[in-house]
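**Q** Just dropping this structure here.
Have a look at this one:
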């Protein structure tokens, strides 16, 4: 299990397009990947799940991966969050 | 009912609850607004009669304090005899809130004491008994143990079925076909589950704003209510069967008879579970529909697989008996 904590840094928060980017990135890995906000923990390969989190600007999110390629998965998602989903 | 902050349920959250007719609490805040951020920690009520008369032993200050006609009349009597230090004693406890029923309102002295103690005062037009039963029902629901599961909840022939499985196995597509066949969607992808009364699992969508939408590969996000009508959706439903969809694994032994019943545990409640292997050419929605009907039969006391086996056993036995009587030589 690898974990990382990221902060949403694009103004609009996680709306449909960033959610799709997260799912695309997560789906490249075989590991099970979750995103956690407060007490809500959802599957990072599910668009509706990610949108349900309601992650707005400044929200802190914990990325958790478990599986053979977990380190790569966590790093790739962290990089995606840090790139502000190519917005702003 | 989802709470804005799952870890803390405040008096403001209680006021903000969006409840329909028979559950409406009709609450409004008439004083002590500073205390609206106070947390409600116990799903219970208290009538503070004894406390008002000065007896504070075992005073259940953590609960919502309900002031009905009796308590209000007593407060009025106290105010007339200007015995208001009792109010301050009451508000020295961090009471979550005081609720006046029958649209009653306390005296100004009581309001002032509440302001000093930062205790919100709420009012409702309901009677004390009606309000008590409603608020208890609502609070027990909010304080019920809950969890979130990745899956799709559908209602098929009246049975609440939770479809689970890994991403991409076809949960949403299966649900879409079921909706097309006249069944109902409760929640896609993220299902909030509450354990009510310790034995009933209620499932619902995590969020009203984005509820009843589905994500279908190749189509994107679709609105089920607009596409299939209001008859195709449902707000919440008891979970009565779990169907785990999984990629067909040639090495795994799947149930071929159905006399052994598997269950899965969610929040301490055991729910019947089926493992359904998925491969091209298998019509999963029809299997789910049949599973739902079979589940109803079981609830009515008719278990297809067991009944079938009993018939087989009875038949074999009678064949034995016939052999005994008619073909004695063959039998021996």
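Protein chains in written order, with our numbering: chain X, 208 to 295; chain Z, 2 to 333.
Ideal Cβ placement from N, Cα and C applies to all residues, glycine included.
Keep in mind the model is a prediction, meaning the values are calculated, not measured.
(1) Closer than 7 Å by C-beta to residue 234 of chain X: which residues in its own chain qualify, once you throw out the five before and the five after it? Chain order, please.
(2) Using a Cβ-Cβ cut-off of 6 Å (strictly less than) and excluding sequence neighbours within five positions of residue 214 of chain X, which residues of its own chain qualify?
(3) According to DSSP, residue 241 of chain X sits in a beta bridge with which residue or residues?
(4) Is it the case that the segment 147-160 of chain Z contacts the segment 55-68 of chain Z, given that we only count it when at least three CB pairs across the two stretches are under 8 Å?
(5) Determine whether the Cβ of residue 16 of chain Z lies closer than 8 Å to any Cβ atom of chain X.
(6) Which term fits residue 271 of chain Z, buried or exposed, when burial requires 16 or more other beta carbons within 10 angstroms of its beta carbon?
(7) Cutting at 7 Å between CB atoms, please list the residues of its own chain near residue 5 of chain Z, excluding the five before and the five after it.
(8) Would residue 324 of chain Z be called buried (16 or more neighbouring beta carbons within 10 Å of its own) or exposed?
(9) If the cut-off is 8 Å on Cβ atoms, which residues from the segment 251-262 of chain X count as contacting chain Z, listed in chain order?
(10) Please report the distance separating the alpha-carbon of residue 227 of chain X from that of residue 221 of chain X.
(11) Looking at the unbroken beta strand (DSSP E) that takes in residue 32 of chain Z, where does it start and where does it end?
(12) So, does the CB of residue 279 of chain Z fall closer than 8 Å to a CB anywhere in chain X?
(13) Which whole-angstrom value is the C-beta distance of residue 239 of chain Z and residue 161 of chain Z, which I expect to be below 8 Å?
(14) Under the three-state reduction of DSSP, which class applies to residue 126 of chain Z: helix, strand or coil?
(15) From residue 106 of chain Z to residue 191 of chain Z, what does the alpha carbon distance come to, in whole angstroms?
(16) Which residues, taken in chain order from the segment 176-204 of chain Z, show a beta carbon closer than 8 Å to some beta carbon of chain X?
(17) Is it buried or exposed for residue 286 of chain X, if we count other Cβ within 10 angstroms and need 16 for buried?
(18) Which of the three DSSP states is assigned to residue 24 of chain Z in this structure?
(19) Quick one: is residue 247 of chain X near chain Z, going by C-beta distance under 8 Å?
(20) What's the C-alpha gap between residue 253 of chain Z and residue 259 of chain Z?
(21) Let me make sure I understand the geometry here. Which of Z/78, Z/273, Z/32 has the alpha-carbon closest to that of residue 54 of chain Z?
(22) What do you reckon, is the C-beta of residue 272 of chain X under 7 Å from a heavy atom of the ligand NAD?
(23) Around the C-beta of residue 12 of chain Z, are 16 or more other C-beta atoms found within 10 angstroms, so that it is buried, or is it exposed?
(24) Check each candidate in Z/237, Z/175, Z/235 and name the one with the smallest Cα separation from residue 284 of chain Z.
(25) Compare the C-beta of residue 295 of chain Z with all C-beta atoms of chain X and state if any pair is closer than 8 Å.
(26) Taking the CB atoms as reference points, tell me whether residue 185 of chain Z and residue 235 of chain Z lie closer together than 8 Å.
(27) Output yes if chain X places a C-beta closer than 8 Å to the C-beta of residue 41 of chain Z; else output no.
(28) Against chain Z, with Cβ distances strictly below 8 Å, would residue 229 of chain X count as a contact?
(29) Of all the CB atoms in chain X, is at least one closer than 8 Å to the CB of residue 38 of chain Z?
(30) Would you identify the three-state DSSP class for residue 198 of chain Z, choosing helix, strand or coil?
(31) Can you tell me the Cα-Cα spacing of residue 249 of chain X and residue 232 of chain Z, whole angstroms?
(32) Is residue 258 of chain Z close to chain X, meaning its C-beta is less than 8 Å from at least one C-beta of that chain?
(33) Which same chain residues end up closer than 7 Å to residue 2 of chain Z when comparing Cβ atoms and leaving out the 5 residues on each side of it in sequence?
(34) Tell me, which residues are paired with residue 215 of chain Z by DSSP?
(35) Using a Cβ-Cβ cut-off of less than 8 Å, list which residues of the segment 209-240 of chain X approach chain Z; keep chain order.
(36) Strictly below 8 Å CB to CB, what residues from chain X border residue 211 of chain Z?
**A** Considering the structure as presented:
(1) Position 27 of the first chain, counted from the first residue, corresponds to residue 234 of chain X. Excluding residues within five positions, the ones whose Cβ falls inside 7 Å are 252.
(2) Your numbering for residue 214 of chain X matches position 7 in the first chain. Hits under 6 Å: 267.
(3) Here the question's residue 241 of chain X lines up with position 34 in the first chain. In DSSP, residue 241 of chain X forms a bridge with X/250, X/271.
(4) The answer is no - the segment 147-160 of chain Z does not touch the segment 55-68 of chain Z, with fewer than three Cβ pairs under 8 Å.
(5) Translated into the one-based positions of the second chain, residue 16 of chain Z becomes position 15. With 8 Å as the cut-off, residue 16 of chain Z does not count as an interface residue toward chain X.
(6) Position 270 of the second chain, counted from the first residue, corresponds to residue 271 of chain Z. By the neighbour-count rule (16 or more Cβ atoms within 10 Å), residue 271 of chain Z is not buried but exposed.
(7) Locating residue 5 of chain Z in the second chain gives position 4, where the first residue counts as 1. Because the pLDDT of residue 5 of chain Z is 43, which lies under 50, any placement of that residue in the model is unreliable, and the question is left without a value.
(8) Along the second chain, one-based indexing puts residue 324 of chain Z at 323. Residue 324 of chain Z comes out exposed.
(9) 252, 253, 254, 255, 256, 258, 259, 261
(10) Counting from 1 along the first chain, the entry for residue 227 of chain X is found at position 20. Counting from 1 along the first chain, the entry for residue 221 of chain X is found at position 14. The straight-line gap from Cα to Cα measures roughly 9 Å.
(11) One-based indexing of the second chain puts residue 32 of chain Z at position 31. Unbroken beta strand (DSSP E) run through residue 32 of chain Z: 29-32.
(12) Position 278 of the second chain, counted from the first residue, corresponds to residue 279 of chain Z. No, its Cβ sits nowhere closer than 8 Å to a Cβ of chain X.
(13) Taking the first residue of the second chain as position 1, residue 239 of chain Z is located at position 238. Taking the first residue of the second chain as position 1, residue 161 of chain Z is located at position 160. Right, their Cβ atoms sit about 5 Å apart.
(14) Taking the first residue of the second chain as position 1, residue 126 of chain Z is located at position 125. Three-state result, residue 126 of chain Z: coil.
(15) For this step, residue 106 of chain Z is matched to residue 105 along the second chain. For this step, residue 191 of chain Z is matched to residue 190 along the second chain. Each residue's Cα considered, the two are about 43 Å apart.
(16) 189, 190, 191
(17) In the first chain, the residue the question calls residue 286 of chain X occupies position 79. Label assigned to residue 286 of chain X: exposed.
(18) Locating residue 24 of chain Z in the second chain gives position 23, counting from the first residue. Looking at residue 24 of chain Z - three-state DSSP - the assignment turns out to be helix.
(19) In the first chain, the residue the question calls residue 247 of chain X occupies position 40. Yes, residue 247 of chain X counts as interfacial toward chain Z.
(20) Against the second chain, residue 253 of chain Z aligns to sequence position 252. Against the second chain, residue 259 of chain Z aligns to sequence position 258. Straight-line Cα distance between these residues: approximately 16 Å.
(21) Position 53 of the second chain, counting from 1, holds the residue named residue 54 of chain Z. Among Z/78, Z/273, Z/32, the Cα nearest to that of residue 54 of chain Z belongs to Z/78.
(22) Among the components of this structure there are no ligands whatsoever, and the ligand NAD is therefore not found.
(23) Stepping through the second chain from its first residue, residue 12 of chain Z is reached at position 11. That one is buried.
(24) Residue 284 of chain Z sits at position 283 when you count from the first residue of the second chain. Nearest option by C-alpha distance: Z/175.
(25) As a first step, residue 295 of chain Z must be located in the second chain, where it is residue number 294. No, residue 295 of chain Z lies away from the interface with chain X (no Cβ there is under 8 Å from its Cβ).
(26) Looking up residue 185 of chain Z in the second chain gives position 184. Looking up residue 235 of chain Z in the second chain gives position 234. Yes. Within cutoff.
(27) For the purposes of this step, residue 41 of chain Z is identified with residue 40 of the second chain, where counting begins at 1. No, because no Cβ of chain X sits closer than 8 Å to the Cβ of residue 41 of chain Z.
(28) Your numbering for residue 229 of chain X matches position 22 in the first chain. By this cut-off, residue 229 of chain X is not an interface position.
(29) Against the second chain, residue 38 of chain Z aligns to sequence position 37. It does not: the Cβ of residue 38 of chain Z has no partner Cβ on chain X nearer than 8 Å.
(30) Indexing the second chain from 1 puts residue 198 of chain Z at position 197. It is coil, neither helix nor strand.
(31) Residue mapping note: residue 249 of chain X aligns to position 42 of the first chain, counting from 1. Residue mapping note: residue 232 of chain Z aligns to position 231 of the second chain, counting from 1. When the Cα atoms are used, residue 249 of chain X and residue 232 of chain Z turn out to be separated by approximately 28 Å.
(32) Taking the first residue of the second chain as position 1, residue 258 of chain Z is located at position 257. No, residue 258 of chain Z does not count as interfacial toward chain X.
(33) Numbered from its first residue, the second chain carries residue 2 of chain Z at position 1. Because the pLDDT of residue 2 of chain Z is 40, which lies under 50, any placement of that residue in the model is unreliable, and the number read from its coordinates should be weighed accordingly. Cβ within range, chain order: 18, 142, 143.
(34) Residue mapping note: residue 215 of chain Z aligns to position 214 of the second chain, counting from 1. Answer by DSSP bridge pairing, in chain order: Z/223.
(35) 223, 234
(36) Residue 211 of chain Z sits at position 210 when you count from the first residue of the second chain. Chain X residues near residue 211 of chain Z: 255, 258, 259.
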